[in-house]
Amino acid sequence: MMRMVDLIIKKREGKTLSKEEIAFWINGYTKGEIPDYQTSAMCMAIVFQGMDEKEVTHLTACMEHSGQTLDLSRLKGIKVDKHSTGGVGDKTSLVLGPMVVACGATFAKLSGRGLGHTGGTLDKLEAIPSFDVHISGEQFIKQVNDIGIVLAGQTEALVPADKKMYALRDVTGTVESIPLIAASIMSKKLAAGTDTILLDVTVGSGAFMKDIVQAKALANLMVKIGQGLNRDTRAVISHMAEPLGLAIGNALEVKEAINALQGKGPEDLMELCYTCGAIILLQAKLATSIEQGRTKLEKVIADGSAFNLFVKMVIAQGGDPSFILKPEKFPLAKNIITIKAGKAGYIKSVNALEIGLAAMRLGGGRTTIEDSIDMAAGIVLTKKVGAKIKQNEVLAYVHTNKDLLAVSPIVDQVTNAFVISAHYVAKPQVILEIIGL
Ligand code: URA
13 MMRMVDLIIK
23 KREGKTLSKE
33 EIAFWINGYT
43 KGEIPDYQTS
53 AMCMAIVFQG
63 MDEKEVTHLT
73 ACMEHSGQTL
83 DLSRLKGIKV
93 DKHSTGGVGD
103 KTSLVLGPMV
113 VACGATFAKL
123 SGRGLGHTGG
133 TLDKLEAIPS
143 FDVHISGEQF
153 IKQVNDIGIV
163 LAGQTEALVP
173 ADKKMYALRD
183 VTGTVESIPL
193 IAASIMSKKL
203 AAGTDTILLD
213 VTVGSGAFMK
223 DIVQAKALAN
233 LMVKIGQGLN
243 RDTRAVISHM
253 AEPLGLAIGN
263 ALEVKEAINA
273 LQGKGPEDLM
283 ELCYTCGAII
293 LLQAKLATSI
303 EQGRTKLEKV
313 IADGSAFNLF
323 VKMVIAQGGD
333 PSFILKPEKF
343 PLAKNIITIK
353 AGKAGYIKSV
363 NALEIGLAAM
373 RLGGGRTTIE
383 DSIDMAAGIV
393 LTKKVGAKIK
403 QNEVLAYVHT
413 NKDLLAVSPI
423 VDQVTNAFVI
433 SAHYVAKPQV
443 ILEIIGL
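The sequence shown begins at 13 in the working numbering and counts up by one.
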């Protein structure tokens, strides 16, 4: 008879687990027959000993099938999905989804909430008055068939093994393991049932992966898992040392996404959306090259069709479209504090982690999943890495409903996130690598 303790010892000694052994663990854990403490010990053994590609693929498949999976076969078109490993100011899904749908793809996306210094797409969408992210399976299918796009919350029934395991890893020091992260992310993406998956693996202070070597290892592994399980999976590695775009905070980011859909987005955000969008169009067989995909995407921004799709999605999910047509309707925070440069020079870095933490402390994010959010709170940068600045030039605006005295340490945190150099600094590249083309 198989015993969990023997599997833990086997992994602790650096041996390879078989498909049957991984299934025994994950099925037993999901049903509550294997206790948390044994899964913690197994996760810690994996943190130290790792897993080979076959083991991670088995683990991912077992986790994927630990609950319901979505069957999107009734939906027309090639269903595409995109996932970011998280960042600060990352409103890509709001812009990219309508762009690729305007080019003919079907974007059926389940998104998450923000936690800690990173934001979540669901919270951003909820900044639009009465927008509903909790939609039923039937409505999900109907909306995708009607307009080709839906952005909804993950249902409880998908991948219960990950739900239990992620909460456990969070409190047992076992989050930082490339095989465990890869299986966690890919099991959820695979269970969501799209035909293609594009992963945006972010790297830098504001991301999960702090260095490029780790980011490449994670991206390569996830692409191999997806392809091993017959799903068209590609990845980009993108720069997250400074926030993406200029706005950080829920309503502020929606306004920036609206601007981007109207062709007035910040350069780095647009570059990421065009590159990811072109790869998605290749995956959906709607373009034969990255260049052709990009041209199609530029066209749907220029002719307003991507923006119109965003408006349609807001209406379909019960949101008030007047805020999208007139973004100045989004209420501003009661205090807007100006951050100025102490000296002239070039912006060398804008620490994304510090800016993300400051936005959270202003009320724009959560420290626990139950916290409520101040949709108007956040930070708007006016300068990014590489910009030449004069002394006293504005670097950022801090938006807050809190008292000025209470936010003074947060204002310092934003100020200190900027490093100014006397010497020329080049603008960083946004896309560092593409995997799986
Ligand atoms: N995101 C996930 O979904 N899972 C992890 O393990 C890490 C980041």
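No residue lacks a Cβ here, since even glycine has one placed at the ideal position from N, Cα and C.
What residue from the options has the CA that sits closest to residue i's CA?
i	options	result
Lys23	Gly44, His435, Met56 and Asp415	Met56
Val187	Met54, Asn363 and Val410	Met54
Ile443	Ser105, Leu256 and Phe60	Leu256
Arg246	Leu416, Lys341, Ser30 and Val92	Val92
Ala114	Ser123, Leu298, Leu233 and Ser250	Leu298
Ile260	Val419, Asp223, Ala388 and Pro141	Ala388
Lys175	Lys43, Val162, Leu137 and Gly205	Lys43
Leu108	Val145, Phe319, Leu19 and Lys222	Phe319
Glu32	Gly26, Glu25 and Leu19	Leu19
Met282	Glu405, Ala179 and Glu310	Glu310
Gly62	Asp182, Asp144, Leu233 and Gln50	Leu233
Ser189	Val59, Lys402, Ala429 and Ala353	Val59
Ser317	Thr379, Gln274, Ile327 and Leu122	Gln274
Lys338	Met325, His146 and Asn271	Asn271
Arg373	Ala328, Val410 and Ser30	Val410
Ala328	Ile161, Ala418 and Leu71	Ile161
Thr51	Lys136, Ile159, Arg181 and Phe143	Arg181
Alpha carbon to alpha carbon, what distance is there between residue j and residue i?
i	j	result
Arg243	Ile422	44 Å
Ile367	Phe322	28 Å
Ile153	Val431	48 Å
Gly330	Val392	28 Å
Ala408	Phe220	25 Å
Ser148	Ile351	44 Å
Ile34	Thr28	10 Å
Leu87	Gly116	13 Å
Ala269	Ala371	18 Å
Ser85	Ile348	48 Å
Trp37	Ala203	19 Å
Leu210	Leu416	42 Å
Cys74	His95	20 Å
Asp383	Gln304	44 Å
Glu76	Leu127	23 Å
Glu254	Leu106	20 Å
Gly40	Pro47	9 Å
Leu344	Tyr49	47 Å
Glu405	Gly277	22 Å
Ile446	Glu65	20 Å
Glu340	Asn262	14 Å
Ala194	Gln425	32 Å
Thr167	Thr97	19 Å
Lys395	Gly448	34 Å
Ile381	Ala179	12 Å
Are the Cβ atoms of residue i and residue j separated by less than 8 Å?
i	j	result
Lys355	Val397	no
Pro172	Val68	no
Thr104	Cys288	yes
Met198	Ile237	yes
Ser301	Lys360	no
Ala169	Gln80	yes
Phe335	Pro141	yes
Ala120	Thr208	no
Asp223	Val235	no
Ala364	Val100	yes
Gly131	Gly124	no
Val362	Ala429	yes
Ile249	Val112	no
Ile385	Asp102	no
Lys228	Phe342	no
Tyr358	His435	yes
Lys324	Ile159	yes
Just mark residue i as buried or exposed, buried being the case when its beta carbon has 16 or more other beta carbons within 10 Å.
i	result
Val225	exposed
Ala139	buried
Met13	exposed
Glu265	buried
Val17	exposed
Ala290	buried
Gln155	buried
Lys201	buried
His129	buried
Ile21	exposed
Gln295	buried
Lys346	exposed
Arg15	exposed
Tyr286	buried
Gly377	buried
Give the list of continuous alpha helix (DSSP H) stretches no shorter than 4 residues that lie fully inside the region 117–161. 133–137 and 149–159
Runs of beta strand (DSSP E) lying entirely within the region 184–261, each at least 3 residues, in chain order: 208–215 and 244–251
Which full runs of the beta strand (DSSP E) of 3+ residues lie inside the region 331–396, going along the chain? 347–352, 357–362 and 390–393
Unbroken stretches of the alpha helix (DSSP H), 4 residues or longer, contained in the region 281–335: 302–314 and 317–328
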